[in-house]
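Novice:
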Amino acid sequence: MLRLGIDVGGTFIKAGVVDENYTILEKVSIPTGADQGFISVVNTIARTARLAAKKVGRPLEDFACIGFGIPGLINPKSGVVVLAPNLEGWKDVPFLTEIQKLLPVSVYAGNDANCAVVGETLAGAAKGCKDVVMLTLGTGVGGGVVCDGKLFTGGQGLGAELGHMVLSMDGNTCGCGMQGCIEAYCSVTAFVKQTKAAMAAYPKSLMHAYAKEAGEVDGRTAFECSKAGDLAAQTVVNTYCRYLANAIGSLVTIYRPETVLIGGGLSNQREYLMDKLNALLPKYTFASGSIGVPPVCRATLGNDAGTIGAAYLDIM
Ligand SMILES: [Zn+2]
């Protein structure tokens, strides 16, 4: 049977029709209109679902279920979105109850980063693995854990917020209000800050010309200049990789996954980033000399991971 996976983003609602082989048959994307408030967005989400079904010529009643990836804290059991900073007014809102009123099949919801690890485990870079940890490096740092083939959801189903594990006591202030979170060191936002600080300290660095040509300093600036041999850029990248490997090492020590996946914008650095992380990981992982470390790999499905994962939340 077909399923629908819907990514509820701050800018766009993206729906995908997913088949039994985890293939996305059709996609639909509609602006979220987040400023219109909760009920209006719920209506837009239902409209997106109907549109996606129409695209494959089937009524929604024919679908096995519909799953939603939510950019925030959601309790999948009660269906209440506790907090979603990118969706205006979404604080303690009964999402699943309201959306169920508009849709004729069972609905499920999960955190968007959790949907991504489900998608990668079923159909992507971790296919065949039962224990997986994934970090998504974007504006923030999202994360998800699959344990023994099941999505780890923890108490109240609120999941694992890996990005807010503390990497450095009393360290850099995080967007969540705490200090020293992984997100405050390993997000693209943090990496750009690290890049800008190095540029200020090294006015002759190649990064200045690169950023000028690109129009801005972004996640690529330090990586591309590092590849070109710029010493300041190499220091930025190597320090960043030490933060990230340190964070991954702790996660490996806790969960002992078969593989660690890296998704999000910075994963586009592919082997250049993965090789460095794999080389550093033993140093930051307990008993690595005796039991080794799992490979750190790039997630392969991109945004489709969240769509496929949302569509299959019911079996995880
Ligand atoms: Zn935090």
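Using my numbering, count along the sequence shown one by one with no gaps and you end on 333. Idealized CB from N, CA, C, for every residue including glycine.
(1) Quick one: grab the DSSP three-state call for R75.
(2) Rank L175, T153, L152 and T138 by C-alpha distance to the C-alpha of D165 and give the top, closest one.
(3) What residues are listed by DSSP as bridge partners for Y125?
(4) Taking the alpha-carbon positions, what's the G159 to G319 distance?
(5) Does ligand 1 have a heavy atom nearer than 7 Å to the CB of E288?
(6) Where are the alpha helix (DSSP H) runs, 4 residues long or more, that stay fully inside the segment 198 to 245, in chain order?
(7) Would you check whether ligand 1 has a heavy atom nearer than 7 Å to the C-beta of M337?
(8) Within 7 Å: the Cβ of C203 and any heavy atom of ligand 1?
(9) Using only the alpha-carbon positions, how far apart do A45 and A327 sit?
(10) Which residue's Cα is closest to the Cα of A207: Q173, A228, T256 and K118?
(11) Would C258 and K293 be called neighbours here (beta carbons separated by less than 8 Å)?
(12) From A70 to P121, what does the alpha carbon distance come to, in whole angstroms?
(13) Which partner residues of E43 appear in the DSSP bridge assignment?
(14) Please classify M186: is it buried, with 16 or more other beta-carbons within 10 angstroms of its beta-carbon, or exposed?
(15) Might you give, ordered along the chain, the residues of its own chain that have their beta carbon closer than 7 Å to the beta carbon of L297, omitting 5 neighbours on each side?
(16) Nearest-angstrom Cα distance between G96 and E288?
(17) For the beta strand (DSSP E) containing V310, list its first residue and its last residue.
(18) Determine the extent of the beta strand (DSSP E) in which I279 is found, giving its start and end residues.
(19) Since A249 contacts A201 with CB under 8 Å, what's their CB separation in whole angstroms?
(20) Could you check what DSSP says for T114 in three-state terms: helix, strand or coil?
(21) Round the Cβ separation of G26 and T61 to the nearest angstrom and send it over; I've been treating them as touching at under 8 Å.
(22) Do the segment 64 to 84 and the segment 119 to 135 touch if we need at least three Cβ pairs shorter than 8 Å?
(23) Hey, would you say F55 sits closer than 8 Å to G89, going by beta carbons?
(24) Any idea if K221 is buried or exposed, counting beta-carbon neighbours within 10 angstroms, 16 or more meaning buried?
(25) Need the endpoints of the beta strand (DSSP E) that T153 sits in, please.
(26) Taking V135 and V150 to be in contact with their CB atoms under 8 Å, please state how far apart those CB atoms are, rounded to whole angstroms.
(27) For G133 versus A264, is the C-beta spacing smaller than 8 Å?
(28) Return yes when the Cβ of L179 is within less than 8 Å of the Cβ of L100, no when it is not.
(29) Between the C-alpha atoms of V277 and I30, what's the straight-line distance to the nearest angstrom?
(30) By DSSP, does K293 sit in helix, in strand, or in coil?
Specialist: To lay it out plainly:
(1) coil
(2) T138
(3) G84
(4) 14 Å
(5) no
(6) 200 to 203, 205 to 218, 223 to 231 and 238 to 244
(7) There is no way to answer for residue 337, as the model of the chain reaches only from 18 to 333.
(8) no
(9) The sequence shown places Val at residue 45, rather than the Ala named in the question. Each residue's Cα considered, the two are about 15 Å apart.
(10) T256
(11) yes
(12) 12 Å
(13) V34
(14) exposed
(15) C258, R259 and A262
(16) 39 Å
(17) Unbroken run through V310: none, as it is neither H nor E.
(18) T276 to G280
(19) Contact doesn't hold; Cβ gap of about 22 Å is too wide.
(20) helix
(21) About 12 Å separates the two Cβ atoms, so there is no contact after all.
(22) yes
(23) no
(24) exposed
(25) V149 to L154
(26) Rounded, the Cβ-Cβ distance is 13 Å, inconsistent with contact.
(27) First, the residue type needs correcting, since residue 133 is Ala and not Gly in the sequence shown. No, these two residues do not count as a Cβ contact at 8 Å.
(28) no
(29) 28 Å
(30) helix
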